[in-house]
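> So for the sequence shown, our numbering puts the first residue at 357; every next one is plus one.
All C-beta atoms, glycine included, are put in the ideal place defined by N, C-alpha and C.
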Amino acid sequence: MASPASALLPKAEAQIKLPEELTPRMCVTPLPVKEKKLMDVKLGELPGWILMRDFTPRGIAGAFQRGYYRYYNKYVNVKKGSVAGISMVLAAYVLFNYCRCYKELKHERLRKYH
């Protein structure tokens, strides 16, 4: 007597053979370079991918807006929030100001007071 679970399995002789040109590996169409994410772009495709980006003021503003909403929804607008989201913004602000003022800080460091 066969179990009910084995009745649901397909029989080996009932499987349909697909022609060679319709195998699943041939049906996959690659994404155009423009629609790929940065992490999916290969090194050889990178210059073409960069040239396809929108560098108009509206495109740049849209990129910043997407980045802001992605950051906000990932770190700030969560059920169990912590100080991680705010501390990353503060750390980036400190690092940015340090890089901006490095020339003056370097000049101050090399002075000798005597």
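#1: Beta-carbon separation of residue 441 and residue 432 under 7 Å?
#2: Start and end of the alpha helix (DSSP H) containing residue 454?
#3: Nearest by alpha-carbon distance to residue 443: which of 428, 410, 399 and 407 is it?
#4: Measure from the alpha carbon of residue 404 to the alpha carbon of each residue in 395, 390, 411 and 452, then state which is nearest.
#5: Using DSSP with H/G/I as helix, E/B as strand and the rest coil, what is residue 395?
Quick answer:
#1: Counting from 1 along the sequence shown, the entry for residue 441 is found at position 85. Counting from 1 along the sequence shown, the entry for residue 432 is found at position 76. Their beta carbons are under 7 Å apart, which means residue 441 touches residue 432 by this criterion.
#2: As a position in the sequence shown, residue 454 is number 98, starting the count at 1. Per DSSP, the continuous alpha helix (DSSP H) segment holding residue 454 begins and ends at 440-456.
#3: One-based indexing of the sequence shown puts residue 443 at position 87. Checked all of 428, 410, 399 and 407; the closest Cα to residue 443 is 428.
#4: Numbered from its first residue, the sequence shown carries residue 404 at position 48. Per the Cα distances, 390.
#5: For this step, residue 395 is matched to residue 39 along the sequence shown. Helix at residue 395.
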